[in-house]
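These protein sequence lines map, in sequence, to chains C, Y, L and W. First residue of the first sequence: 1, per the numbering used here; consecutive thereafter. First residue of the second sequence: 101, per the numbering used here; consecutive thereafter. First residue of the third sequence: 510, per the numbering used here; consecutive thereafter. First residue of the fourth sequence: 657, per the numbering used here; consecutive thereafter. Glycine residues also receive a C-beta, built at the ideal position from the N, C-alpha and C atoms. Below is one structure; the comments refer to it alone.
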Amino acid sequence: MNDQAANDSVGSIRAGDLIGRPAYGRGGNRLGTIADLIVDGDIRTGLRVTGVVVARRPWGRLLGYEREQATGPWLLQALARVVMHRRVRTIRWDELDHAG
Amino acid sequence: MKRLLGVTLGILTAIGGFVDIGDIVANSEIGARFGTALFWVLPVGVIGICVYAEMCGRVAAHAGRPVFDLVRERLGPRVGLANLSGSYLVTLMTLAAEIGGVALAVQLLSGIDYVLWVPAVAVALWLGLWRLRFETLERLFGLTGLALVVLLVALIAGDTPWSQLAGQALDPVPTEGEDWNSYWYFAIALFASAMTPYEVFFFSSGGVEEHWTRKDLLLARANAFIGFPLGGLLAFGFMGTAAVFFYPNGISVSTLGQAVLPAGLVLGKIGLACAILGVFAATFGAAVETGLSSGYTVAQYFGWGWGKYVPPRRAARFHTVVLLSILASVALLLTMIDPIQLTEYTLILSAVVLPLTYLPILVVANDRDYLGDRVNGKLANFFGMVYLVVIVVAAVAAIPLMIVTGGGQ
Amino acid sequence: MAARRWSIVIVVVLAVWMGGYALLSRDPDAVAYRESCVQSAQSTLDGLGTARMATDDGLLSSYRTALDDDAQKLIAQARGQIAGQVPPDSRSAQRRDALLPLLDEAERAYADLMRSQADHDGAARQRATDRIRTLEDQLRDFVDGNR
Amino acid sequence: MRVFLGFDLLDRQILDSEGLPVGNVDDIELAVGEDGVLSVTALLVGAQVWGTRLGGRLGDTIAGMAARMQRRTPAGPIRIPIDQVRETGAAVTLAISRDLLVEPELETWLREHVIVRIPGASADPEADKS
């Protein structure tokens, strides 16, 4: 796959690689697993990564409940919260240690 | 012209989709073994499919996304792939059972063994899907499938002990000689025959492909709320006649010939011919739907082009999947597995797959990003939740019951 | 963590349910033999009863041939199932001795019914159907008695 | 506008300017721009990308097969620069037609070797659609 890496712009990374990885705070403490990446701006001016959604466990995606907005019927919502333990937290991108 | 097509699509989806080999087998066998003690499952199943068809019709019309596209989106690639393999396997087995059902119906008309008809039916099905305009298939099988009403006529015309049937229906307990395990096994089979997943794939994909506007949605909703109960009534024809003719004699039904026999006994040759023709149309219509749905599930998961109106050249992968699914179904039938037995196992396996199909629909139907102000109201959510719990319980209990009852022996 | 705990609970419930069922049947061979006796009596009843119900001439001939093939297969299959198994204990032998004559009589009665229809002999058909009706009662009693 | 990459973009259906399906967002490419900020540069489509993201033995075998099937240059997945995207929503809609994009090998191979061989493949059954 090395030829494929050559024509990527320098330092490119895929969202699939980031999601599911453990997230560490500035102090090196483990915050949980990256469930999603938050992007701000718009297509013209560029979509900049401004934060991550951190879940307690590597739940990646759970029917969309990893987002803040209430979506499902209350029973599913409650079940999702139980399964995902406490609320999913949103952490700003610059608070993360990017060595990982 | 558009209105007639809309109504016809509704009728086909109801008759072709509702009454298929699964309903014919489940209703006949249950009528013979339990009389009408399991009648209550039919309205429960019909309401369930109406609730979820309405939801995914709304999602198709407002978000323009079909079921399997949502499944991958909401469950992620890995769980979505597991869901795809389960649903595709069940749809493939249903397709084989439908083709087997058509072959059995032709055997009753020709006297020649059904296995010889299987390849011929498969070729006819593939040609229909490949060359015929979808509306032509729709009208042909939707309206011919109405011939199944002859079983209800046989029930009404014959000297049917209605009070006895009603009494038993209101006393929903295992009949003499049956235990609770087999009672619930067949209840799940009947429930799964009413809520078969491919009906939802077909209904929602039709909505997306025809770009249902709000007006079309009203029409589709009316078709579902008229069409599915109509299909349920036709399916009851098999249960009622089996309860009158086979149950009192302690005879259990295991062949298609037995299922249509009452129509012949009450209405003679014409009644029998009508019933067989009706079975042929319902199973062929269902084979068209399951054939397309096998392509829909795979194509929508991977984001390929798909659709019954798209010429094969412009959706090569979709049409190849449909072709391979038909070939795989023929191969499965040529192993001489009895189509009726195959149908029973397919119903139980589809019960196991149901939660994976209906859960994403319920979630997306509540998401404002997709539907804006068209999200589920209190009523839709109440029924949606109640049925989801019922579906999960049925899914968990299906396989153990199948083992404990030895496949309902 | 919760999901793992839930799946353990479900597995335990299923194991108890299925395990309980297996423990109940004390002597598996005798139970299996009893079940196959009941099954063959039931399928003979199905084949014979359906053939008897379908005797009036108003039906399509092609339908009749298909129906007769099904009935023939059911009756022959049932007979073969019992003939092929050795009863594991005396109680099973009693069951077989009660069942075998019924199965033989069923094959004879079925053959007479088919012959009477081939010859369009109404009287012979009537005799055959009456014999079959009594046989159906006996088969039903056997099924109910040994279920 | 706030977008959740995983939820709002990943695995979403991509439609071209005429609403024809292009594929799914199998992955998203991010890069550190001159301003030193990580931002989205392109959507990636293809079985190879999907396989790697699926992970596990199955994912790797699919990615391997897709890589071997590829003959187009430059190798690698179909890359749709983010500025070709007109809007995101229930589906991701592009500003361009899919004819400008590279067609997945599987679609081309099957059309040429299987579908076209069968008569009636190009007949548009809906030609006289009422």
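1. What does GLY558 of chain L reach in chain Y if we use C-beta pairs closer than 9 angstroms?
2. Can you check the stretch 418-478 of chain Y for any alpha helix (DSSP H) of at least 4 residues that lies completely inside it and give the ranges in chain order?
3. Where does ILE440 of chain Y land, buried or exposed, given buried means 16+ other C-beta within 10 angstroms?
4. Which of the three DSSP states is assigned to GLU278 of chain Y in this structure?
5. Taking Cβ-Cβ distances shorter than 7 angstroms, what residues in chain W pair up with TYR470 of chain Y?
6. Tell me whether PHE139 of chain Y sits in a helix, a strand or coil according to DSSP, three-state version.
7. Measure the Cβ-Cβ separation of LEU181 of chain Y and ALA375 of chain Y and say whether it is below 8 angstroms.
8. Report the start-end ranges of each alpha helix (DSSP H) in the stretch 550-618 of chain L that is 4 residues or longer and not cut off at the edges.
9. Looking at the C-beta of ASP36 of chain C, does it have a partner C-beta in chain W at a distance below 8 angstroms?
10. For TYR347 of chain Y, which of helix, strand or coil comes out of DSSP?
11. According to the Cβ coordinates, are GLU309 of chain Y and GLY176 of chain Y closer than 8 angstroms?
12. Below 8 angstroms, how does it come out for the stretch 126-144 of chain Y and the stretch 340-347 of chain Y: are there three or more Cβ pairs, yes or no?
13. Report yes or no: do three or more beta-carbon pairs, one from the stretch 153-172 of chain Y and one from the stretch 289-306 of chain Y, lie closer than 8 angstroms?
14. What does the alpha-carbon distance come out to for the pair PRO261 of chain Y and PHE134 of chain Y?
15. For PRO177 of chain Y, report the span of its alpha helix (DSSP H) as first-last.
16. Determine, using beta carbons only, whether VAL146 of chain Y and GLY357 of chain Y come nearer to each other than 8 angstroms.
17. Is ARG767 of chain W close to chain C, meaning its C-beta is less than 8 angstroms from at least one C-beta of that chain?
18. Quick one, which of Y:SER450, Y:GLY395 and Y:ALA382 has its alpha-carbon nearest VAL202 of chain Y's?
19. Do the stretch 215-228 of chain Y and the stretch 379-395 of chain Y touch if we need at least three Cβ pairs shorter than 8 angstroms?
20. Can you tell which of Y:VAL463, Y:VAL496, Y:VAL206 and Y:LEU447 has the C-alpha that lies nearest to the C-alpha of PHE286 of chain Y?
21. According to DSSP, simplified to helix, strand and coil, what is GLN268 of chain Y?
22. If I measure Cβ to Cβ from ILE584 of chain L and keep anything under 7 angstroms in the same chain, skipping five residues before and after, which residues do I get?
23. Look up ASN680 of chain W in the DSSP assignment and say whether it is helix, strand or coil.
24. Counting only Cβ-Cβ distances shorter than 7 angstroms, please list the residues of the stretch 750-762 of chain W near chain Y, keeping chain order.
25. Anyone know if the C-beta pair for VAL652 of chain L and GLY350 of chain Y falls short of 8 angstroms?
26. List the endpoints of the continuous alpha helix (DSSP H) containing ALA78 of chain C.
27. How big is the Cα-Cα spacing for VAL547 of chain L and SER293 of chain Y?
28. Does the Cβ of THR643 of chain L have 16 or more other Cβ atoms within 10 Å, making it buried, or fewer, making it exposed?
29. At a Cβ threshold of 8 angstroms, is MET339 of chain Y touching chain C?
30. What span of residues does the alpha helix (DSSP H) with ASP42 of chain C cover, start to end?
31. Taking 8 angstroms as the CB-CB cut-off, is ARG92 of chain C touching chain W?
32. According to the neighbour-count rule (16 or more other Cβ atoms, all chains shown, within 10 Å of its Cβ), is THR717 of chain W buried or exposed?
33. Straight-line CA distance for ASP630 of chain L to ARG624 of chain L?
34. Does chain W have any CB closer than 8 angstroms to the CB of VAL83 of chain C?
35. With three or more beta-carbon pairs closer than 8 angstroms as the criterion, would you say the stretch 694-711 of chain W touches the stretch 673-682 of chain W?
36. By the 10 Å Cβ neighbour count, where 16 or more other Cβ atoms means buried, how is ALA747 of chain W classified, buried or exposed?
In terms of the structure at hand:
1. PHE346, ASN349, GLY350 and ILE351
2. 439-464 and 468-471
3. buried
4. coil
5. ALA746
6. coil
7. no
8. 570-592
9. yes
10. coil
11. no
12. yes
13. yes
14. 15 angstroms
15. 167-210
16. no
17. no
18. Y:ALA382
19. yes
20. Y:LEU447
21. helix
22. THR553, GLY556, LEU557, ALA615, GLU616 and TYR619
23. strand
24. LEU762
25. yes
26. 74-83
27. 28 angstroms
28. exposed
29. no
30. Here ASP42 of chain C belongs to no alpha helix (DSSP H); instead the beta strand (DSSP E) covers 30-42.
31. no
32. exposed
33. 8 angstroms
34. no
35. yes
36. buried
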